[in-house]
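**Q** Submitted below is the structure of interest, expressed as C-alpha cells.
There are 2 protein chains.
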Amino acid sequence: MKIAVVSPISWRTPPRKYGPWEQVASNIAEGLIESGHDVTLFATRDSITKGKLEYVCPRGYSEDSELDPKVEECLHISHLMEQSSKFDLIHNNFDFLPLTYSGLIKTPMVTTIHGFSSQKILPVYKKYNPIGNYVSISDSNRSLELDYVATVYNGINTGEFTFQAQPKDYLLYFGRIHPDKGTYESIQIAKQSGRKLIISGLIQDQGYFENKIEPYLNEKDVVYVGNSGPVERDKLLGEAVALLHPIGFEEPFGLSVVESMLCGTPVIAFNKGSMPELILDGKTGFLVNSIPEAVESINKIKFIDRKFCREYASEKFSRQKMIEGYLEVYRKVLKAKK
Amino acid sequence: MKIAVVSPISWRTPPRKYGPWEQVASNIAEGLIESGHDVTLFATRDSITKGKLEYVCPRGYSEDSELDPKVEECLHISHLMEQSSKFDLIHNNFDFLPLTYSGLIKTPMVTTIHGFSSQKILPVYKKYNPIGNYVSISDSNRSLELDYVATVYNGINTGEFTFQAQPKDYLLYFGRIHPDKGTYESIQIAKQSGRKLIISGLIQDQGYFENKIEPYLNEKDVVYVGNSGPVERDKLLGEAVALLHPIGFEEPFGLSVVESMLCGTPVIAFNKGSMPELILDGKTGFLVNSIPEAVESINKIKFIDRKFCREYASEKFSRQKMIEGYLEVYRKVLKAKK
Numbered sequence: 001m002k003i004a005v006v007s008p009i010s011w012r013t014p015p016r017k018y019g020p021w022e023q024v025a026s027n028i029a030e031g032l033i034e035s036g037h038d039v040t041l042f043a044t045r046d047s048i049t050k051g052k053l054e055y056v057c058p059r060g061y062s063e064d065s066e067l068d069p070k071v072e073e074c075l076h077i078s079h080l081m082e083q084s085s086k087f088d089l090i091h092n093n094f095d096f097l098p099l100t101y102s103g104l105i106k107t108p109m110v111t112t113i114h115g116f117s118s119q120k121i122l123p124v125y126k127k128y129n130p131i132g133n134y135v136s137i138s139d140s141n142r143s144l145e146l147d148y149v150a151t152v153y154n155g156i157n158t159g160e161f162t163f164q165a166q167p168k169d170y171l172l173y174f175g176r177i178h179p180d181k182g183t184y185e186s187i188q189i190a191k192q193s194g195r196k197l198i199i200s201g202l203i204q205d206q207g208y209f210e211n212k213i214e215p216y217l218n219e220k221d222v223v224y225v226g227n228s229g230p231v232e233r234d235k236l237l238g239e240a241v242a243l244l245h246p247i248g249f250e251e252p253f254g255l256s257v258v259e260s261m262l263c264g265t266p267v268i269a270f271n272k273g274s275m276p277e278l279i280l281d282g283k284t285g286f287l288v289n290s291i292p293e294a295v296e297s298i299n300k301i302k303f304i305d306r307k308f309c310r311e312y313a314s315e316k317f318s319r320q321k322m323i324e325g326y327l328e329v330y331r332k333v334l335k336a337k338k
Numbered sequence: 001m002k003i004a005v006v007s008p009i010s011w012r013t014p015p016r017k018y019g020p021w022e023q024v025a026s027n028i029a030e031g032l033i034e035s036g037h038d039v040t041l042f043a044t045r046d047s048i049t050k051g052k053l054e055y056v057c058p059r060g061y062s063e064d065s066e067l068d069p070k071v072e073e074c075l076h077i078s079h080l081m082e083q084s085s086k087f088d089l090i091h092n093n094f095d096f097l098p099l100t101y102s103g104l105i106k107t108p109m110v111t112t113i114h115g116f117s118s119q120k121i122l123p124v125y126k127k128y129n130p131i132g133n134y135v136s137i138s139d140s141n142r143s144l145e146l147d148y149v150a151t152v153y154n155g156i157n158t159g160e161f162t163f164q165a166q167p168k169d170y171l172l173y174f175g176r177i178h179p180d181k182g183t184y185e186s187i188q189i190a191k192q193s194g195r196k197l198i199i200s201g202l203i204q205d206q207g208y209f210e211n212k213i214e215p216y217l218n219e220k221d222v223v224y225v226g227n228s229g230p231v232e233r234d235k236l237l238g239e240a241v242a243l244l245h246p247i248g249f250e251e252p253f254g255l256s257v258v259e260s261m262l263c264g265t266p267v268i269a270f271n272k273g274s275m276p277e278l279i280l281d282g283k284t285g286f287l288v289n290s291i292p293e294a295v296e297s298i299n300k301i302k303f304i305d306r307k308f309c310r311e312y313a314s315e316k317f318s319r320q321k322m323i324e325g326y327l328e329v330y331r332k333v334l335k336a337k338k
C-alpha cells in the first residue's frame, strides 16, 4: 500500500524531546515501513525516517521563531494535497486543517484525532464527519457528535524503553509543566509521602512554573532536570519508584504513562480521561481521585509487580499492535470507497 | 460572467467601521453587480450585498472573540473551494491562505494582494506565482519576486463622499492608531502649526495610544472621537482643512487619502509607499518628508483647489474605474486559460 503519513511541523519527526503528535506519527510511519508498506512521511526537512521524506518547512516552527506557523502549515499541507493522487491513502496526524482540503482530492484520508485543543475546533470535524474516517486514540476522547472508524491506542517502540527490575528511591513527574498535567499536585504528593520528586518536562506555562513550581525546587528533594530526550527519559522512567500523573483534564492518552509501565514503573494517576484505559488499577498502578489517595497508594506500590507492568504495556501498547489496528482501519476505508 | 468574490472575515463586508480589505472586496462585488455580472460574495453571514451571499462564519472574528480565527478562516475558504466549479472565476481578496487550495481546483483565481503583513508570507505568493494571477493595488507595493497581471487602484463609491467647498478650521487624522500611521506625528504637526486636530480611528496598538497619544488628548485642540462609521467619516473628512497622513511605513494604498480628496479635502502625507501614486503634489495635497515640512505645507493649503481634489479622485479612484481594471484582468486570465 502507498501511504502518506502527515505529521505536524511544530517539532521534528520524531521529536528531539517534547512533541507527542510528531512522536506518534513517527511510530506509525516506521511501523508501517517495518510491515512492508511504501510510506512517505510529510514532516519537517530535518525529520528522520526509513521511508521517503517530503517537506517544505526546514525545521519545526516551535524550534525556530523565525518561521511563521500559519505560512509553514498551509504550505506543508498543500504540498501533500497537490500530490495526493500518488497515494492509496493519506493518514493525517496533523489536526483539523488538512480536512478542509480533503473534499478537493480523490485519495481517501484517515484522520487520527490526537485531541481537541478546544471545543471551537469541533465544527471542522463535524463538517468533514462524512469523509473524515476518524480514529480516536482512546474511547474516552471520543466526541459524541462524531463518527469513528475505530479506537487505535498509541503504540510505542518497546525497544526504546528498558525494563528496570529494581528502581531507585524517587517519584517522577514527566510531562509538560502546565496545570493540566498536575506538576504542583505531584509536588504535594511527594512532600506528603516524604519522598524525593524528580520533575522532567518542557515549561509550557511560564507563570505557573514561576509561581507554583519554582518556589519548591531545590537540589535535594524536589529536583527539576529540564526537558529530557530519549536516553535520559528511559533512565528517569525506569529508575523511578512510581510515575505521578495527577492530571487536571480529560487527557486523551498519556504517552509517558505507557512508557513508564514499559520500564516496569507503575503509575499513580488521577482517574480522568483515558487513564482507566491505560492503567490496570492495582496491577500496573493506581487510579486515585485526590492528593491524599495518591499519598496512600504510594504505601502500596511495593505490591506492584514491575515485570507485569512491562508485559501488560508491551502487549497492549506496542507499535506492532497499533499498526495492526491502523491496517484494519485502512482496509475498511479502502473497501468502503470501492 | 459568474464571479465568486472572496472577502476576509475579520469584519463584516462592508465593514461597519474599520475593515479596509472588506471595504474594497465589497466595492468590487457591488461594482461588478452594477456592471451586470453574476456575483457571489463569500463573506460573514451578516454581510450585505446586492448579489448572492455565501457564508460559514456568523460574524467577523474581530467582532466576536468567541470565534476561533483559524477555524473560521479554513472553513470559509473550503466552503468556497468545494463549490468552485460553479464559477467562471474566483477573485480572492483574502490574503494568502486561498492560494494553497487553488492548485486543487480548475476555476482560475485572481488574487489581489492588499498588502504584505510580513516578508514571511512571501514564500506562499512565490510558490503560487505561476497560477496566482496577482493584482497589486499600487505599483509601489509590488514585490520584485512576483509577477503581476496589473495594478488596479482601489476604487471607491464616490456617492458615499460629499464634496465640501468650505471646510471648518481643524486638521484631521483618520486611521488606525498605530505607529505605522503616524498618529503621534500628526499631533506634533498640528501643535506646531497652531491648529486643532481631530483624531478618528480604531486603537490597534494600545501601548502606543496610552504612551504617545492619550497624554495629548483634551476636548479642545487634540480631540479623539473614537472609531467612525460611514456617516461620521464623510462629515469629518469633508469639514477638515486637510488630512494629515505622516505614515511611517510603505503603505500599499491609503483609502482615507482618496476618500479625503473625494470630499475636496487635500492630504499632507509623508512621501512613502503609494502616496506619490495617490496624491498630486501641490495640486491635491503635499508630499513631505518631515514634520517641519508638513507644518510649512499647511500654510500653502489655501492655494489648493478643493474642487479639483474631488474631480481628480473621482476620475482616478472611482469604483467604476476599478471595475474596468478588474474586468480587463479577468479577460486576460480567462483568455490565457483557454
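Here the protein sequences line up with chains A and B, keeping their order. According to full-length UniProt numbering, the first sequence is numbered sequentially starting from 1. According to full-length UniProt numbering, the second sequence is numbered sequentially starting from 1. Where is the CB? At the ideal position from N, CA and C, for every residue including glycine. Just so we're clear, the structure is a prediction, and the values are computed from it rather than from any experiment.
#1: Considering Cα atoms alone, identify which of A:Arg59, A:Gly155, A:Arg195 and A:Val124 is closest to A:Tyr170.
#2: Would B:Val231 be called buried (16 or more neighbouring beta carbons within 10 Å of its own) or exposed?
#3: Could you compute how far the alpha carbon of A:Arg331 sits from the alpha carbon of A:Asp38?
#4: For the stretch 105-136 of chain A, enumerate the residues whose C-beta is nearer than 8 Å to any C-beta of chain B, in chain order.
#5: Does the pairing of the stretch 53-69 of chain A with the stretch 14-27 of chain B give three or more beta-carbon distances under 8 Å?
#6: Measuring alpha carbon to alpha carbon, tell me which residue in A:Pro292, A:Leu53, A:Ala4 and A:Asp147 is nearest A:Asn93.
#7: Please name the residues in the stretch 269-297 of chain B whose beta-carbon is closer than 7 Å to at least one beta-carbon of chain A, in chain order.
#8: Between A:Leu265 and the rest of its own chain, which residues show a CB-CB distance below 6 Å, the 5 nearest in sequence each way excluded?
#9: Use the C-beta contact count for B:Ala211: other C-beta atoms within 10 angstroms, 16 or more gives buried, fewer gives exposed.
#10: Smallest Cα separation from B:Thr162: which of B:Cys74, B:Gly248, B:Arg310 and B:Pro108?
#11: According to DSSP, which residues form a beta bridge with A:Tyr330?
#12: In the DSSP assignment, what are the bridge partners of B:Tyr170?
#13: I think B:Phe174 touches B:Ser274, with their Cβ atoms under 8 Å apart; what is that distance to the nearest whole Å?
#14: Once DSSP output is grouped into helix, strand and coil, what is the label at B:Val149?
#15: Start and end of the beta strand (DSSP E) containing A:Met109?
#16: What span of residues does the alpha helix (DSSP H) with B:Gly285 cover, start to end?
#17: Can you grab the Cα-Cα spacing for the pair residue 375 of chain A / A:Gly115, in whole Å?
#18: Which residues in chain B have a C-beta closer than 8 Å to the C-beta of A:Asp68? List them in chain order.
#19: Looking at B:Asn129 and B:Ile146, is the spacing between their C-beta atoms short of 8 Å?
#20: According to DSSP, is B:Glu22 helix, strand or coil?
#21: Near A:Met109, which residues of its chain fall below 6 Å by C-beta distance, leaving aside the five closest residues on each side in sequence?
#22: Among B:Glu250, B:Ser297 and B:His79, which one has its Cα closest to the Cα of B:Ile137?
#23: Going straight from the alpha carbon of A:Val225 to that of A:Gly201, what length do you get?
#24: What are the start and end residues of each continuous beta strand (DSSP E) run of 3 or more residues lying completely inside the UniProt domain "Glycosyl transferase family 1" (167-300) of chain B, in chain order?
#25: Name the DSSP bridge partner or partners of B:His91?
#26: Here's a check: name, in chain order, each residue in its chain whose Cβ is nearer than 7 Å to the Cβ of B:Pro276, leaving out the five neighbours to either side.
#27: Does DSSP put A:Glu73 in a helix, a strand or coil?
#28: Using a cut-off of 7 Å between C-beta atoms, extract the partners of B:Tyr55 located in chain A.
#29: Distance, Cα to Cα, A:Pro98 vs A:Glu82?
#30: How would you label A:Asn27, buried or exposed, when you count the other beta carbons within 10 angstroms and need 16 or more for buried?
#31: Is the Cβ of A:Tyr101 closer than 8 Å to any Cβ of chain B?
#32: In this structure, does DSSP put A:Glu30 in helix, strand or coil?
#33: If you follow the beta strand (DSSP E) that B:Lys50 is part of, which residue opens it and which one closes it?
#34: Which one or two residues does DSSP pair with A:Ile156 in a beta bridge?
#35: Output yes if chain B places a C-beta closer than 8 Å to the C-beta of A:Glu328; else output no.
#36: My assumption, with CB atoms under 8 Å, is that A:Leu172 sits in contact with A:Ile156. Please give the rounded CB distance.
**A** Well, looking at it:
#1: Working through the first sequence from its first residue, we reach residue 170 of chain A at position 170. If we check each option's Cα against that of A:Tyr170, A:Arg195 comes out closest.
#2: Counted from its first residue, the second sequence places residue 231 of chain B at position 231. It is exposed - the Cβ of B:Val231 has fewer than 16 other Cβ atoms within 10 Å.
#3: Numbered from its first residue, the first sequence carries residue 331 of chain A at position 331. Numbered from its first residue, the first sequence carries residue 38 of chain A at position 38. Those two C-alpha atoms are separated by around 15 Å.
#4: Contacts with chain B (Cβ-Cβ distance below 8 Å) from the stretch 105-136 of chain A involve Ile105, Ser118, Lys120, Ile121, Pro123, Val124 and Lys127, listed in chain order.
#5: The stretch 53-69 of chain A makes no contact with the stretch 14-27 of chain B, as fewer than three CB pairs between them are under 8 Å.
#6: Locating residue 93 of chain A in the first sequence gives position 93, counting from the first residue. Cα-wise, what sits closest to A:Asn93 is A:Ala4.
#7: For the stretch 269-297 of chain B, the set of positions with a beta-carbon nearer than 7 Å to some beta-carbon of chain A is empty.
#8: For this step, residue 265 of chain A is matched to residue 265 along the first sequence. Here residue 265 of chain A is Thr; the residue named in the question, Leu, does not match the sequence. Hits under 6 Å: Leu237, Ala240 and Leu243.
#9: Numbered from its first residue, the second sequence carries residue 211 of chain B at position 211. For the record, residue 211 of chain B in the displayed sequence is Asn; it is not Ala. Classification for B:Asn211: exposed.
#10: Here residue 162 of chain B is taken as the residue at index 162 of the second sequence, counted from 1. Closest in alpha carbon position to B:Thr162, among B:Cys74, B:Gly248, B:Arg310 and B:Pro108, is B:Arg310.
#11: The residue labelled residue 330 of chain A in the question sits at position 330 within the first sequence. Bridge partners of A:Tyr330: none, in fact.
#12: Residue numbering aside, residue 170 of chain B sits at position 170 when the second sequence is read from its first letter. Answer is B:Lys196, bridged to B:Tyr170.
#13: As a first step, residue 174 of chain B is located in the second sequence; it is residue number 174 there, counting from the start. As a first step, residue 274 of chain B is located in the second sequence; it is residue number 274 there, counting from the start. About 16 Å separates the two Cβ atoms, so there is no contact after all.
#14: In the second sequence, the residue the question calls residue 149 of chain B occupies position 149. B:Val149 carries a strand assignment under DSSP once its states are collapsed to helix, strand and coil.
#15: Residue 109 of chain A sits at position 109 when you count from the first residue of the first sequence. Run containing A:Met109: Met109 to Ile113, per the beta strand (DSSP E) assignment.
#16: For this step, residue 285 of chain B is matched to residue 285 along the second sequence. Not the alpha helix (DSSP H): B:Gly285 falls in the beta strand (DSSP E), residues Gly285 to Val288.
#17: Nothing in the structure corresponds to residue 375 of chain A, since chain A is present only between 1 and 338.
#18: For the purposes of this step, residue 68 of chain A is taken as residue 68 along the first sequence, with counting starting at 1. Chain B residues near A:Asp68: Ser118, Lys120 and Ile121.
#19: Counting from one through the second sequence, the residue named residue 146 of chain B turns up at place 146. Counting from one through the second sequence, the residue named residue 129 of chain B turns up at place 129. Just to set this straight, residue 146 of chain B is Leu in the shown sequence, not Ile. Cβ distance < 8 Å, so B:Leu146 and B:Asn129 count as in contact.
#20: Working through the second sequence from its first residue, we reach residue 22 of chain B at position 22. Here B:Glu22 sits in helix by DSSP.
#21: Residue 109 of chain A sits at position 109 when you count from the first residue of the first sequence. If we look at A:Met109 and ignore the five residues flanking it on each side, its Cβ neighbours are Ile90, Asn92 and Ser102.
#22: In the second sequence, counting from the first residue as 1, residue 137 of chain B sits at position 137. The shortest C-alpha separation from B:Ile137 is found at B:Glu250.
#23: Looking up residue 225 of chain A in the first sequence gives position 225. Looking up residue 201 of chain A in the first sequence gives position 201. In a straight line, the C-alpha of A:Val225 is about 8 Å away from that of A:Gly201.
#24: Those beta strand (DSSP E) runs which fall completely within the UniProt domain "Glycosyl transferase family 1" (167-300) of chain B and span 3+ residues are 170-174, 196-200, 222-224, 242-245, 267-270 and 285-288.
#25: Position 91 of the second sequence, counting from 1, holds the residue named residue 91 of chain B. B:Val5 and B:Val110, per the DSSP bridge assignment.
#26: Reading the second sequence from its first residue, position 276 is the one you call residue 276 of chain B. Beyond the five residues adjoining it in sequence on each side, B:Pro276 comes within less than 7 Å, by CB distance, of Leu287 in the same chain, given in chain order.
#27: Sequence index remark: in the first sequence, residue 73 of chain A carries index 73 (1-based). DSSP places A:Glu73 in helix when its eight states are reduced to three.
#28: One-based indexing of the second sequence puts residue 55 of chain B at position 55. For a Cβ distance threshold of 7 Å, nothing in chain A lies close to B:Tyr55: the least Cβ distance comes to about 13 Å.
#29: Along the first sequence, one-based indexing puts residue 98 of chain A at 98. Along the first sequence, one-based indexing puts residue 82 of chain A at 82. Computed Cα separation, rounded: 12 Å.
#30: Start at 1 with the first residue of the first sequence, and residue 27 of chain A comes out as number 27. By the neighbour-count rule (16 or more Cβ atoms within 10 Å), A:Asn27 is buried.
#31: On the first sequence, position 101 is the one that residue 101 of chain A refers to. It does: the Cβ of A:Tyr101 has a partner Cβ on chain B nearer than 8 Å.
#32: As a first step, residue 30 of chain A is located in the first sequence; it is residue number 30 there, counting from the start. In this structure, A:Glu30 counts as helix in the three-state DSSP scheme.
#33: Residue 50 of chain B sits at position 50 when you count from the first residue of the second sequence. From DSSP, B:Lys50 is part of no beta strand (DSSP E); its letter is neither H nor E.
#34: Locating residue 156 of chain A in the first sequence gives position 156, where the first residue counts as 1. Beta-bridge pairing links A:Ile156 to A:Ser318.
#35: Numbered from its first residue, the first sequence carries residue 328 of chain A at position 328. A:Glu328 does not count as touching chain B.
#36: Your numbering for residue 172 of chain A matches position 172 in the first sequence. Your numbering for residue 156 of chain A matches position 156 in the first sequence. Not quite, the Cβ-Cβ distance comes to about 17 Å (not below 8 Å), so this is no contact.
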